[in-house]
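These notes concern the structure reproduced below.
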DNA sequence: GTGAAAGCGCTAACAT
DNA sequence: ATGTTAGCGCTTTCAC
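Protein chains in written order, with the numbering used here: chain V, 1 to 344; chain B, 345 to 688.
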């Protein structure tokens, strides 16, 4: 093995076999224009020399790095972690590697992430747009590079890219209908910030379910605003302050749901008998709390693999005639103790 | 901009300015052997032409790809997700990108992951060794490539690589001492599989704490075996079957702890008054259950950033004189309701 | 301070 | 079926 590099090259193999680099290349890549005998010999020799193709060199030559980039607000969040997991698994099966960038929900970091991935010449980029992003010029850079751009979770129609999302409205509707089927008639709703599309859609699903079942909408039952941890606690207080009676809660977030549950339990309210609760997202903790929290499965892992599959599909389409696609996954509700009433 | 590529190159810039590629390269890289004037001109022109350095080309030339690889069993697990998060954040600050591979705890997948990262010419690899890995030859390939190899979480002394871990024994000891301070004297312990080093160390910490405080070891209080979700439930049953009395549990896993808590609550046992409980790992759900579960903070995010920092340090050391380092982080206990007794 | 030239390891026309 | 050649975009000696 030559001193200058830690790795053997196709030239080393060629030399050892009295061949040329191109023949070795052909043999290694199973190019038909090579004899079976040489192919064998080359592969054996490669094995013997611990040859490992240099993807950097191949990438420079072919323009294909075999790298997929993903930009997320924060890797350390169950939903995104599952997406990464699904994405990596499928991408890897097709020989692709996955490169990750976090934005911390910062617009500046998102811009840098785009540049970083483009510098690395990734073959495609998946993005969950940062909450603080209002300007989308940096995504044009991806389109200019003529590589697939796929948005997921927080998407932006303005960008005009492919999307992989779940049907939030449907999920919310199923959740609300489930509560109705449990006999609940006064269903409160923690709505989340409505300028974020996923929350808006979930609220829409709630309203649609009410309408479908002939229940009237009572604005006193709906609490807008953030649906983070503490806000579930505050939202319950708000309902009590309003003096409104309710026999169920559909929360657009598991976190708010869980804190609502804690609040109600302190008040001596029985769950699900007095108030049935269902959340949204299927966070890992939902099956660990008492009572276990019903929720809507966001299919994060499936989202990840769907992103990967869309990538693989788009990469093989001529850049010019790549049309933005929209893949919508159908969520399912997961019914647990927090909403399972004994129907009399 | 030339037709063949979507990107402008240093040649394009050079041509536009009547310079040569090498001067442009120097200007862009702030090489001192260039005049301030040209540097300015080049940078302006680069900006104007939307120039984006091709890291693949640079990487081929210099051997430095600016990529760090990380191999984990599963991205979708809170502990690993946090490590990725911390690693990416710090690495990115120094201009490095992070490439991820999952093994699904499979030995074969781990071997492939090593090869995949090596083919991509990453500048270093961090690994949490798969549970099924008993043979370590594939890690030699990383050493042969003369790039830093850093083990974390599940480490293997046999491999002779740098390590970033937390002091499991200390964490377990602190947890156990905390229970003792709460007045507990008959402390049960869910020990986990002892052939896995982290569990062995946690059990050691438990024993050390008992000894330090003059409590005798009662083997009936210790339940060996897996510490997964359901096993916490089974472990409590085992204690009852043994007819042993206990006033506290130190579980080497939050999952087992939470299921133990559920089991005890069903039996009408009050927590923490009858039995105080503390787990290990600071899983996200621990603060959401009722009562909130005390635990040992594994500092996953810090682990990730420590890995990144060690990388950055080792990368700048001549390969030959890189000595395996061992970085040990000190865990802290997080005291919540599940173990906080009102001391009389 | 700038240019010329070589080459990183690979692939892909184009020969033969 | 194999060899020759050129070049992907960049950095880096070596000249001047």
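Think of the CB as a built atom: it goes at the ideal place given N, C-alpha and C, for glycine as much as any other residue.
- Under the 8 Å Cβ criterion, the region 511 to 523 of chain B does not count as touching the region 476 to 486 of chain B, having fewer than three qualifying pairs.
- Here residue 261(V) is buried: its Cβ has 16 or more other Cβ atoms, across all protein chains shown, within 10 Å.
- For residue 605(B), the secondary structure class from DSSP, reduced to helix, strand or coil, is helix.
- For residue 615(B), the three-state secondary structure derived from DSSP is coil.
- Looking at the DSSP output, residue 250(V) shares a beta bridge with 189(V), 278(V).
- Counting only the Cα atoms, residue 608(B) lies some 27 Å from residue 552(B).
- Per the coordinates, the alpha-carbon of residue 172(V) lies some 8 Å from the alpha-carbon of residue 204(V).
- Comparing alpha carbon positions, the residue from 530(B), 535(B), 629(B), 581(B) closest to residue 78(V) is 629(B).
- With a threshold of 8 Å between beta carbons, residue 387(B) makes no contact with chain V.
- Residues of the region 591 to 606 of chain B that bring their beta carbon within less than 7 Å of a beta carbon in chain V comprise 602, 606, in sequence order.
- The alpha-carbon of residue 452(B) is positioned some 53 Å away from that of residue 213(V).
- Within chain B, no C-beta atom comes less than 8 Å from the C-beta of residue 124(V); the nearest is roughly 13 Å away.
- Pairing residue 254(V) with residue 225(V) gives a Cβ-Cβ distance that is not under 8 Å.
- Taking 3 residues as the minimum length, the beta strand (DSSP E) runs contained wholly in the region 137 to 195 of chain V are 149 to 152, 162 to 166, 187 to 192, in order along the chain.
- When rounded, the separation of the alpha-carbon atoms in residue 366(B) and residue 352(B) is 15 Å.
- With contacts defined as CB atoms closer than 8 Å, residue 121(V) and residue 398(B) qualify as a contacting pair.
- For a cut-off of 8 Å, the C-beta gap from residue 532(B) to residue 494(B) is around 36 Å, too long to register as a contact.
- Under the Cβ distance rule, residue 275(V) does not count among the residues neighbouring chain B, no pair being separated by less than 8 Å.
- With 16 or more other Cβ atoms inside 10 Å of its own Cβ, residue 395(B) counts as buried.
- Here residue 638(B) carries a strand assignment [DSSP, helix/strand/coil].
- Here the alpha carbon of residue 306(V) sits roughly 52 Å from the alpha carbon of residue 686(B).
- Boundaries of the beta strand (DSSP E) harbouring residue 676(B): 676 to 678, taken from the DSSP string.
- By the neighbour-count criterion, in which a residue is buried when 16 or more other Cβ atoms sit within 10 angstroms of its Cβ, residue 674(B) is exposed.
- Boundaries cannot be given for residue 478(B), as no beta strand (DSSP E) includes it and DSSP labels it neither H nor E.
- Residue 378(B): not part of any beta strand (DSSP E); DSSP gives it neither H nor E.
- Cβ proximity to chain V below 7 Å picks out 628, 629, 632, 633, 634 from the region 622 to 639 of chain B.
- In its chain, beyond the 5 residues on either side, 534, 567, 600, 604 have a beta carbon closer than 7 Å to the beta carbon of residue 579(B).
- Beta-bridge annotation (DSSP): residue 72(V) is paired with 102(V).
- Using a CB distance cut-off of 8 Å, residue 472(B) does not count as an interface residue toward chain V.
- The beta carbon of residue 577(B) is closer than 6 Å to those of 603, 607 in its chain, skipping five residues each way along the sequence.
- Ranked by Cα distance from residue 146(V), the first of 26(V), 33(V), 314(V) is 314(V).
- When beta bridges are read from the DSSP output, residue 67(V) appears opposite 97(V).
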